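To keep things clear, I will list the structure first and then write my remarks on it.
Number of protein chains: 4
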Amino acid sequence: MPAHRVTVLVGSLRRESLNRKMARALAGLVPDRLALDEVPIRDLPHYDADLDADPPAPWVAFRDRVRPADAVLFVTPEYNRSVPGVLKNAIDVGSRPYGKSVWSGKPGAVISVSPGAIGGFGANHHLRQSLVFLDVPVLQQPEAYVGGAAKLFDEQGRLASDATREFMTKFLNAFADWIALTGRR
Amino acid sequence: MPAHRVTVLVGSLRRESLNRKMARALAGLVPDRLALDEVPIRDLPHYDADLDADPPAPWVAFRDRVRPADAVLFVTPEYNRSVPGVLKNAIDVGSRPYGKSVWSGKPGAVISVSPGAIGGFGANHHLRQSLVFLDVPVLQQPEAYVGGAAKLFDEQGRLASDATREFMTKFLNAFADWIALTGRR
Amino acid sequence: MPAHRVTVLVGSLRRESLNRKMARALAGLVPDRLALDEVPIRDLPHYDADLDADPPAPWVAFRDRVRPADAVLFVTPEYNRSVPGVLKNAIDVGSRPYGKSVWSGKPGAVISVSPGAIGGFGANHHLRQSLVFLDVPVLQQPEAYVGGAAKLFDEQGRLASDATREFMTKFLNAFADWIALTGRR
Amino acid sequence: MPAHRVTVLVGSLRRESLNRKMARALAGLVPDRLALDEVPIRDLPHYDADLDADPPAPWVAFRDRVRPADAVLFVTPEYNRSVPGVLKNAIDVGSRPYGKSVWSGKPGAVISVSPGAIGGFGANHHLRQSLVFLDVPVLQQPEAYVGGAAKLFDEQGRLASDATREFMTKFLNAFADWIALTGRR
Numbered sequence: 126m127p128a129h130r131v132t133v134l135v136g137s138l139r140r141e142s143l144n145r146k147m148a149r150a151l152a153g154l155v156p157d158r159l160a161l162d163e164v165p166i167r168d169l170p171h172y173d174a175d176l177d178a179d180p181p182a183p184w185v186a187f188r189d190r191v192r193p194a195d196a197v198l199f200v201t202p203e204y205n206r207s208v209p210g211v212l213k214n215a216i217d218v219g220s221r222p223y224g225k226s227v228w229s230g231k232p233g234a235v236i237s238v239s240p241g242a243i244g245g246f247g248a249n250h251h252l253r254q255s256l257v258f259l260d261v262p263v264l265q266q267p268e269a270y271v272g273g274a275a276k277l278f279d280e281q282g283r284l285a286s287d288a289t290r291e292f293m294t295k296f297l298n299a300f301a302d303w304i305a306l307t308g309r310r
Numbered sequence: 126m127p128a129h130r131v132t133v134l135v136g137s138l139r140r141e142s143l144n145r146k147m148a149r150a151l152a153g154l155v156p157d158r159l160a161l162d163e164v165p166i167r168d169l170p171h172y173d174a175d176l177d178a179d180p181p182a183p184w185v186a187f188r189d190r191v192r193p194a195d196a197v198l199f200v201t202p203e204y205n206r207s208v209p210g211v212l213k214n215a216i217d218v219g220s221r222p223y224g225k226s227v228w229s230g231k232p233g234a235v236i237s238v239s240p241g242a243i244g245g246f247g248a249n250h251h252l253r254q255s256l257v258f259l260d261v262p263v264l265q266q267p268e269a270y271v272g273g274a275a276k277l278f279d280e281q282g283r284l285a286s287d288a289t290r291e292f293m294t295k296f297l298n299a300f301a302d303w304i305a306l307t308g309r310r
Numbered sequence: 126m127p128a129h130r131v132t133v134l135v136g137s138l139r140r141e142s143l144n145r146k147m148a149r150a151l152a153g154l155v156p157d158r159l160a161l162d163e164v165p166i167r168d169l170p171h172y173d174a175d176l177d178a179d180p181p182a183p184w185v186a187f188r189d190r191v192r193p194a195d196a197v198l199f200v201t202p203e204y205n206r207s208v209p210g211v212l213k214n215a216i217d218v219g220s221r222p223y224g225k226s227v228w229s230g231k232p233g234a235v236i237s238v239s240p241g242a243i244g245g246f247g248a249n250h251h252l253r254q255s256l257v258f259l260d261v262p263v264l265q266q267p268e269a270y271v272g273g274a275a276k277l278f279d280e281q282g283r284l285a286s287d288a289t290r291e292f293m294t295k296f297l298n299a300f301a302d303w304i305a306l307t308g309r310r
Numbered sequence: 126m127p128a129h130r131v132t133v134l135v136g137s138l139r140r141e142s143l144n145r146k147m148a149r150a151l152a153g154l155v156p157d158r159l160a161l162d163e164v165p166i167r168d169l170p171h172y173d174a175d176l177d178a179d180p181p182a183p184w185v186a187f188r189d190r191v192r193p194a195d196a197v198l199f200v201t202p203e204y205n206r207s208v209p210g211v212l213k214n215a216i217d218v219g220s221r222p223y224g225k226s227v228w229s230g231k232p233g234a235v236i237s238v239s240p241g242a243i244g245g246f247g248a249n250h251h252l253r254q255s256l257v258f259l260d261v262p263v264l265q266q267p268e269a270y271v272g273g274a275a276k277l278f279d280e281q282g283r284l285a286s287d288a289t290r291e292f293m294t295k296f297l298n299a300f301a302d303w304i305a306l307t308g309r310r
């Protein structure tokens with residue numbers, strides 16, 4: 126049985142982003158049942174309904190790459206107690222035009238990563254509110270609020286502690302089970 | 126005494142946006158105590174901390190235009206039960222670099238406008254959560270969830286009903302009082 | 126195959142509550158696959174961890190009645206833009222003591238009912254945030270924000286319009302499918 | 126000038142509650158400008174609109190004690206990612222009957238206290254959403270998400286670290302300034 130294809134969206138554009146490091150570390154932990162595909166969001170013009178009739182090429186490419194995926198994983202920082210604008214824009218672009226959302230019915234999961242103690246709780250739950258409307262059934266447990274993240278990675282960008290690797294492995298397996306349970310194929 | 130200068134941010138880029146119509150209608154109702162300045166957000170590149178050292182010209186221009194304002198008014202649709210990415214990006218750009226946020230201490234108010242019944246409640250309150258972190262004291266009452274908005278405007282884009290004009294006038298006067306009470310000058 | 130047993134919690138205590146009317150109207154629309162059981166919450170003392178060692182009889186009875194159910198349906202008004210205290214207390218009582226939550230793994234759904242236009246959006250989504258922690262997978266679509274509810278019922282308390290009956294029938298069938306997909310038996 | 130009278134509501138009923146300890150520790154740090162009055166919420170029957178015509182004595186006593194206060198301070202744990210039912214019930218009781226809310230116009234502040242890392246963020250912001258409707262202008266900064274709270278108190282229940290005492294003193298002074306700025310007298 127082929128692996129579930131999982132679109133990964135990283136909410137930060139920064140090269141040394143803790144969230145990008147997390148996404149890459151996950152790639153080393155992921156069970157065979159999942160195939161992660163990080164889809165870049167940097168080049169997506171701001172959503173504007175006036176462009177729906179003749180959409181910008183990056184919108185088309187983004188939608189075409191996400192559409193065939195089986196599931197979606199968000200790895201995001203918190204900006205100003207909510208979802209970074211750049212990530213929300215990618216969600217908005219993927220959701221349109223009306224009736225053609227690429228998200229509909231894809232199982233989802235959320236990891237929020239932050240240097241602070243709170244672990245991106247505000248971003249995590251604002252994202253979940255959007256996913257209700259987008260008809261993305263979201264993994265409830267375990268929740269992943271990853272705080273103090275500046276200390277989690279070694280110089281090669283690997284997760285330094287066994288406990289974090291174990292938690293993330295458990296998270297990915299729970300997500301794989303969730304996709305198997307609620308996915309459409 | 127000069128009028129309070131109010132930055133107005135409109136969360137939709139669409140030409141015929143109901144929110145833009147609302148922002149323009151407000152300009153015809155605003156008391157002398159307030160001077161509204163709609164600041165465009167379309168051309169702001171996505172926030173990326175790697176660019177803070179040498180920020181894009183549109184970021185600099187946006188921050189320079191907002192910084193001297195006395196207050197900020199958000200007029201926004203709801204996209205996918207939250208704040209449009211393009212508006213959240215403008216907030217993120219204005220909030221950075223750390224310690225130089227243009228929002229800090231400016232009194233704020235939120236109007237959400239939607240063709241649906243719910244009136245953008247999800248966007249309105251997600252925005253309010255960000256404004257806690259940004260140290261923007263927000264007008265609590267009256268709340269402005271403007272639903273069924275497609276029917277509110279006449280062909281010239283004016284608010285068609287006395288009741289809506291009266292509500293919005295009341296809202297703007299409450300906001301002017303709020304700025305006088307909590308503003309920094 | 127026996128019907129899925131669904132605990133129904135109504136968030137209002139008022140005799141003529143629109144939410145109670147809705148819960149009763151649902152009983153007349155429910156497909157054979159579901160058996161609804163409205164569990165009263167009025168007599169539950171406020172949750173207090175000091176009582177866990179020797180819990181009040183109404184807590185024990187509530188937990189014992191909810192535990193064997195297959196799923197949970199919330200029908201709730203919005204009080205002060207959030208979940209009524211009395212309903213949140215029932216959730217808190219059911220979630221304790223730690224490790225013995227009666228909610229864990231039960232599929233859930235939320236209907237918010239309000240006389241106003243917004244349809245209890247704030248209560249609906251605050252409830253969903255709790256259900257993440259409680260490991261209740263929640264039906265995402267259709268969302269049920271029922272506004273203008275004072276006009277929905279006839280003098281016998283039945284749903285007066287075909288459109289509302291059809292929507293609620295669709296909602297209940299989607300919930301039955303969701304229970305079949307994500308439930309534990 | 127007399128001190129501002131501040132109603133303090135503690136969201137936990139447990140005798141050894143970390144939140145109660147915090148409320149008591151605050152009493153030792155509070156500036157002369159504030160007079161704290163912890164109002165008990167344990168004995169308030171669940172809100173039920175049918176009782177408005179002949180309200181239970183504890184409702185009347187609670188409303189009478191809160192009404193003359195100048196401001197309100199919430200010190201609360203997070204239960205199931207939201208406000209404890211018992212605290213939300215006190216808010217609901219104080220808000221009714223319609224048009225007679227005891228909260229309206231009183232400046233407010235929120236401290237969330239938790240043994241976990243996240244510091245009650247979910248409860249803190251759900252509470253803030255209610256306070257919009259209740260017309261309580263809320264202190265935005267500093268935010269007070271107090272995590273790891275089991276280690277904060279010594280055996281006499283005092284705040285053990287200088288850093289925490291300093292933060293809380295700063296918080297209380299900011300709240301006193303906020304009351305002076307936005308209060309009604």
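Residue numbers (my numbering), protein chains in the order written: chain A, 126 to 310; chain B, 126 to 310; chain C, 126 to 310; chain D, 126 to 310. Beta carbons: idealized from backbone N, C-alpha and C, even for Gly. Bear in mind that the values here come from a model prediction, so they are computed numbers and not experimental data.
In chain order, Val135 and Ser137 place their CB closer than 7 Å to the CB of Arg145/D, counting only its own chain and leaving out the 5 sequence neighbours on each side. By the Cβ neighbour-count rule, Gln265/D is buried, with 16 or more other Cβ atoms within 10 Å of its own.
In terms of Cα proximity to Ala128/D, the closest of Ala148/D, Asp162/D, Ile166/D and Ser142/D is Asp162/D.
Along the region 246–272 of chain C, going in chain order, the ones with a CB nearer than 8 Å to a CB of chain B are Phe246, Gly247, His250, Tyr270 and Gly272. With a cutoff of 8 Å on beta-carbon distance, Ser237/C and Glu203/C are scored as near each other. For the pair Leu284/A and Ala150/A, the CB atoms are nearer than the 8 Å cut-off. With the criterion set as a beta carbon lying under 8 Å from some beta carbon of chain B, the members of the region 189–208 of chain A are Tyr204, Asn205, Arg206, Ser207 and Val208, in sequence order.
Contact between Asn205/B and Leu212/A is ruled out by a C-beta separation of about 12 Å, above the 8 Å threshold. Residue environment for Leu306/D: exposed (fewer than 16 other C-beta atoms within 10 angstroms of its C-beta).
Taken through DSSP and simplified to helix, strand or coil, Arg290/D comes out as helix. Contacts with chain A at 8 Å (Cβ-Cβ) do not include Leu134/C. The alpha-carbon separation between Phe296/B and Pro232/C amounts to approximately 42 Å.
The Cβ atoms of Val227/D and Val263/D lie no closer than 8 Å to each other. The DSSP assignment places complete alpha helix (DSSP H) segments of no fewer than 4 residues inside the region 203–254 of chain B at 210–219, in order along the chain.
Identification of residues in the region 293–307 of chain D having a C-beta nearer than 9 Å to some C-beta of chain B yields Trp303, Leu306 and Thr307, given in sequence order. Around the CB of Arg309/B, fewer than 16 other CB atoms lie within 10 Å, so the residue is classed as exposed. Scanning Asn249/B, Arg140/B and Leu159/B for the CA closest to the CA of Arg130/B turns up Leu159/B. Interface flag for Ala174/D against chain C is set, since a Cβ pair is found closer than 8 Å.
Collapsing the DSSP output to three states places Arg188/A in a helix. Taking a C-beta distance under 8 Å as the contact criterion, Val155/A and Thr132/A do not qualify as a contact pair.
Taking 8 Å as the threshold, the shortest C-beta distance from Ile243/C to chain B falls below it. The beta carbons of Ser207/A and Val208/B sit closer together than 8 Å. Tyr223/D sits exposed, since fewer than 16 C-beta atoms from the chains shown fall within 10 Å of its C-beta. In chain C, no part has a C-beta under 8 Å from the C-beta of Ser237/D; the shortest such distance is about 14 Å. Under the 10 Å beta carbon count, Ala248/D is surrounded by 16 or more other beta carbons and is classified as buried.
Where Leu154/D is concerned, there is no enclosing alpha helix (DSSP H), because DSSP gives it neither an H nor an E. For Arg145/A, the closest Cβ of chain B is not nearer than 8 Å. Residues of the same chain with a CB within less than 8 Å of the CB of Ile243/B, apart from the 5 flanking positions on each side, are Glu203, Tyr270 and Gly272 in chain order. Around the beta carbon of Ala196/C, a 10 Å sphere encloses 16 or more other beta carbons of the protein chains shown; the residue is thus reported as buried. At a Cβ-Cβ threshold of 8 Å, Leu169/D and Thr201/D do not count as neighbours. A straight-line Cα-Cα distance of about 41 Å links Lys225/D and Gly230/C. A Cβ-Cβ contact shorter than 8 Å links His171/C with Gly210/D.
Residue contact with chain B for Ser220/A: present (Cβ-Cβ distance below 8 Å to some residue of chain B). Taken atom to atom, the span from the alpha-carbon of Asp279/C to that of Val257/D is near 34 Å. Asp173/A is classed as buried because its beta carbon has at least 16 other beta carbons within 10 Å across all chains shown.
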